[in-house]
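Undergrad: Got a structure here, written out as structure tokens. Questions coming.
In my numbering, the protein residues as written are 1438 to 1907.
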């Protein structure tokens, strides 16, 4: 069905260079003329004399494309005026308006649930559609990378980016007739549901392969390669027994922190949950990501150093740098002492048992925003063994997991292609490049599939996000 979609029969110039031609019967309209907008100032704190409310905050929007009853909202307090002004209603569209990363600006989420005590939190803007524009279509429009690019262009800042009221209100969207908006929403809900089912099936296979891979790594890094070696109690409950000749030390005995200014000319690096430290890639539009012009604002990382994201270390956001380079100032860079093999410890830090301990040593008001700073990391217990043995364990792991890694990478690439296809499809449909009216009419009600929530996902690329502890 998707392959059979065709363009509209007639087009006209939209008057917007980035949009080009639109169907002849469509309009374009700026958000100031299409919806009412409010920017919330309700924070996470509880104040005496104010009423308790459930607060929909930045993280809720960033991690959920739909705001539903299943979201675990935090409790805060709000004045009577704030409860009235910033109460959320079904059909509202929320967008992120502040972030440390410019391409995290303008992330939309559709409110599909309302309650008397559900209030919008700060760092967010509420867009409430006026007659002639449905909230569902507005959400789909803002999801399109053509339209989201307007937010990215308007975002101001150096180390932190934000959108002004005028910038948000000035964003322009294509506007088909209401009946056609409904057809577009119906079609995209159906097509995205089908694509998400395919993605979920591949994720299940990845999870099984990853579990097998992690079992190999866990056994090797916590017990070594000799099954006959004598064991002793490590004295660490979560670690249990370790080979008799191994020692328990603090991370400070294995690593030193590197705090050096960046050097111009070195590549910008990022930390991936799956790939470790890699060279900064392109954004979703295929362009180099916006970088800080002054490279001294970055941190220097040397080849063989480990770099981790303070906010995502508990999920395994750490890796060995393959080259000398520059990383975000929000990262921690640690350099191995002579008794430590960086690759061995990257494997160890990514094990489930160690990530659990990292979470315990991290600090934050909300668990999924916990940060691990150097002062806490250096005090964490760890294990140490001869450097030669560390190298042997690394070679064993690479040999035993190579085929699994290849299979996982292939599946992840297939998921990336499906996501790219979905992104392009949404953009082409909401901007009128493809006509879905006939296709939407042919969809039986029972064929409509709700989009699976991606609330449990975290973007693979984990550059530091907004400094919002709420």
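Glycine residues also receive a C-beta, built at the ideal position from the N, C-alpha and C atoms.
Taking contact to mean at least 3 C-beta pairs separated by less than 8 Å, is the region 1618 to 1632 in contact with the region 1870 to 1884?
TA: Short answer: they touch.
Undergrad: Opposite residue 1733 in the DSSP bridges: which residues?
TA: One-based indexing of the chain shown puts residue 1733 at position 296. Residue 1733 pairs with nothing; no bridge assigned.
Undergrad: For residue 1620, which of helix, strand or coil comes out of DSSP?
TA: Stepping through the chain shown from its first residue, residue 1620 is reached at position 183. The answer is helix: DSSP assigns residue 1620 an H, G or I state.
Undergrad: Could you spell out where the beta strand (DSSP E) holding residue 1556 opens and where it closes?
TA: What you label residue 1556 is simply residue 119 of the chain shown in a count that begins at 1. Run containing residue 1556: 1555 to 1557, per the beta strand (DSSP E) assignment.
Undergrad: Do residue 1528 and residue 1566 have their CB atoms nearer than 8 Å?
TA: In the chain shown, counting from the first residue as 1, residue 1528 sits at position 91. In the chain shown, counting from the first residue as 1, residue 1566 sits at position 129. Yes, the Cβ-Cβ distance between residue 1528 and residue 1566 is below 8 Å.
Undergrad: Going by Cα to Cα distance, which pick from 1778, 1807, 1837, 1591 is closest to residue 1825?
TA: Here the question's residue 1825 lines up with position 388 in the chain shown. Measuring from the Cα of residue 1825, the nearest candidate turns out to be 1778.
Undergrad: Taking a contact to mean a Cβ-Cβ separation below 8 Å, would you say residue 1612 touches residue 1563 in this structure?
TA: For the purposes of this step, residue 1612 is taken as the residue at position 175 of the chain shown. For the purposes of this step, residue 1563 is taken as the residue at position 126 of the chain shown. Their beta carbons are not under 8 Å apart, which means residue 1612 does not touch residue 1563 by this criterion.
Undergrad: Under 8 Å, Cβ to Cβ, is there at least one residue of chain B near residue 1573?
TA: The displayed structure is made up of one protein chain only, and chain B is not part of it.
Undergrad: Give the single residue among 1861, 1855, 1668, 1697 whose Cα lies nearest to the Cα of residue 1631.
TA: Sequence index remark: in the chain shown, residue 1631 carries index 194 (1-based). Comparing Cα-Cα distances from residue 1631 to each of 1861, 1855, 1668, 1697, the minimum goes to 1855.
Undergrad: Pairing CB atoms from the region 1494 to 1505 with CB atoms from the region 1458 to 1474, are three or more of them under 8 Å?
TA: Because the criterion of three Cβ pairs below 8 Å is not met, the region 1494 to 1505 and the region 1458 to 1474 do not touch.
Undergrad: Terminal residues of the continuous beta strand (DSSP E) containing residue 1605?
TA: Residue 1605 sits at position 168 when you count from the first residue of the chain shown. Careful: residue 1605 lies outside any beta strand (DSSP E), inside the alpha helix (DSSP H) at 1602 to 1606.
Undergrad: Indicate the three-state DSSP secondary structure (helix, strand or coil) for residue 1644 in the structure shown.
TA: As a working note, residue 1644 is residue 207 in the chain shown. It is helical.
Undergrad: Nearest to residue 1606 by alpha carbon, out of 1512, 1500, 1547, 1468?
TA: The residue you call residue 1606 lines up with position 169 of the chain shown. Taking only the C-alpha atoms, the option nearest residue 1606 is 1468.
Undergrad: Looking only at C-alpha atoms, which of 1853, 1518, 1845, 1862 sits nearest to residue 1648?
TA: Numbered from its first residue, the chain shown carries residue 1648 at position 211. Of 1853, 1518, 1845, 1862, the residue nearest in Cα terms is 1845.
Undergrad: Say whether the region 1732 to 1739 touches the region 1692 to 1701, bearing in mind that this needs 3 or more beta-carbon pairs closer than 8 Å, one atom from each stretch.
TA: Yes, the region 1732 to 1739 is in contact with the region 1692 to 1701.
Undergrad: Taking the DSSP output, what are the residues bridged to residue 1475?
TA: Locating residue 1475 in the chain shown gives position 38, counting from the first residue. According to DSSP, which records beta bridges pairwise, residue 1475 is partnered with 1563.
Undergrad: Excluding the 5 residues preceding and the 5 following residue 1534 in the sequence, name in chain order all residues of the same chain whose CB lies nearer than 8 Å to its CB.
TA: Along the chain shown, read from residue 1 onward, the residue named residue 1534 stands at position 97. The answer, listed in chain order, is 1476, 1542, 1543, 1560, 1561, 1562, 1599, 1600, 1605.
Undergrad: Quick check on residue 1593: buried or exposed, where buried means 16 or more other Cβ atoms within 10 Å of its Cβ?
TA: Position 156 of the chain shown, counted from the first residue, corresponds to residue 1593. Burial call: exposed.
Undergrad: Could you say which of 1524, 1635, 1494, 1639 lies nearest to residue 1848 if we only look at CA atoms?
TA: Start at 1 with the first residue of the chain shown, and residue 1848 comes out as number 411. Checked all of 1524, 1635, 1494, 1639; the closest Cα to residue 1848 is 1639.
Undergrad: Are the beta-carbon atoms belonging to residue 1873 and residue 1624 less than 8 Å from one another?
TA: Here residue 1873 refers to the residue found at position 436 of the chain shown. Here residue 1624 refers to the residue found at position 187 of the chain shown. Against a cut-off of 8 Å, the Cβ pair of residue 1624 and residue 1873 comes out as a contact.
Undergrad: Can you tell me whether DSSP reads residue 1451 as helix, strand or coil?
TA: Against the chain shown, residue 1451 aligns to sequence position 14. The answer is coil: DSSP assigns residue 1451 none of H, G, I, E or B.
Undergrad: Is it right to say residue 1751 is buried, meaning 16 or more other beta carbons lie within 10 angstroms of its own, or is it exposed?
TA: For the purposes of this step, residue 1751 is taken as the residue at position 314 of the chain shown. When all chains shown are included, residue 1751 counts as buried.
Undergrad: From 1691, 1680, 1753, pick the residue whose C-alpha is nearest to that of residue 1712; which is it?
TA: To locate residue 1712, count along the chain shown from 1; it is residue 275. Comparing Cα positions, the closest option is 1753.
Undergrad: Pairing CB atoms from the region 1681 to 1692 with CB atoms from the region 1811 to 1821, are three or more of them under 8 Å?
TA: Enough Cβ pairs lie closer than 8 Å, so yes.
Undergrad: Does residue 1799 come out as helix, strand or coil in the three-state DSSP assignment?
TA: For this step, residue 1799 is matched to residue 362 along the chain shown. Looking at residue 1799 - three-state DSSP - the assignment turns out to be coil, as it is neither helix nor strand.
Undergrad: First and last residue of the alpha helix (DSSP H) that includes residue 1849?
TA: Residue 1849 sits at position 412 when you count from the first residue of the chain shown. Here the alpha helix (DSSP H) through residue 1849 covers 1824 to 1867.
Undergrad: Between which two residues does the beta strand (DSSP E) holding residue 1574 run?
TA: Residue numbering aside, residue 1574 sits at position 137 when the chain shown is read from its first letter. No beta strand (DSSP E) holds residue 1574; the alpha helix (DSSP H) holding it covers 1572 to 1580.
Undergrad: When you compare only the Cα positions, how much space is there between residue 1743 and residue 1587?
TA: The residue you call residue 1743 lines up with position 306 of the chain shown. The residue you call residue 1587 lines up with position 150 of the chain shown. Approximately 36 Å between the Cα atoms of the pair.
Undergrad: Can you give me the C-alpha to C-alpha distance between residue 1511 and residue 1791, rounded to a whole angstrom?
TA: Numbered from 1 along the chain shown, position 74 holds the residue referred to as residue 1511. Numbered from 1 along the chain shown, position 354 holds the residue referred to as residue 1791. Near 28 Å, if we compare the C-alpha coordinates of residue 1791 and residue 1511.
Undergrad: If we count the other Cβ atoms within 10 Å of its Cβ and call it buried at 16 or more, is residue 1441 buried or exposed?
TA: For the purposes of this step, residue 1441 is taken as residue 4 along the chain shown, with counting starting at 1. Label assigned to residue 1441: exposed.
Undergrad: Would you kindly check if the distance between the Cβ of residue 1489 and the Cβ of residue 1481 is under 8 Å?
TA: For the purposes of this step, residue 1481 is taken as the residue at position 44 of the chain shown. For the purposes of this step, residue 1489 is taken as the residue at position 52 of the chain shown. Contact flag unset, no.
Undergrad: Which first and last residues belong to the beta strand (DSSP E) in which residue 1524 is found?
TA: Within the chain shown, the letter at position 87 stands for residue 1524. Run containing residue 1524: none; DSSP gives neither H nor E here.
Undergrad: Pick helix, strand or coil for residue 1629, following the three-state DSSP scheme.
TA: Position 192 of the chain shown, counting from 1, holds the residue named residue 1629. It is helical.
Undergrad: Starting from the Cα of residue 1860, find the closest Cα among 1686, 1793, 1584 and give me that residue.
TA: One-based indexing of the chain shown puts residue 1860 at position 423. Measuring from the Cα of residue 1860, the nearest candidate turns out to be 1584.
Undergrad: CB-CB under 7 Å to residue 1484, same chain, minus the five flanking residues each way: which ones, in chain order?
TA: Translated into the one-based positions of the chain shown, residue 1484 becomes position 47. Closer than 7 Å at the Cβ level, and outside the excluded window around residue 1484, lie 1514.
Undergrad: Taking 8 Å as the threshold (C-beta atoms), are residue 1645 and residue 1659 in contact?
TA: What you label residue 1659 is simply residue 222 of the chain shown in a count that begins at 1. What you label residue 1645 is simply residue 208 of the chain shown in a count that begins at 1. The answer is no: Cβ separation not under 8 Å.
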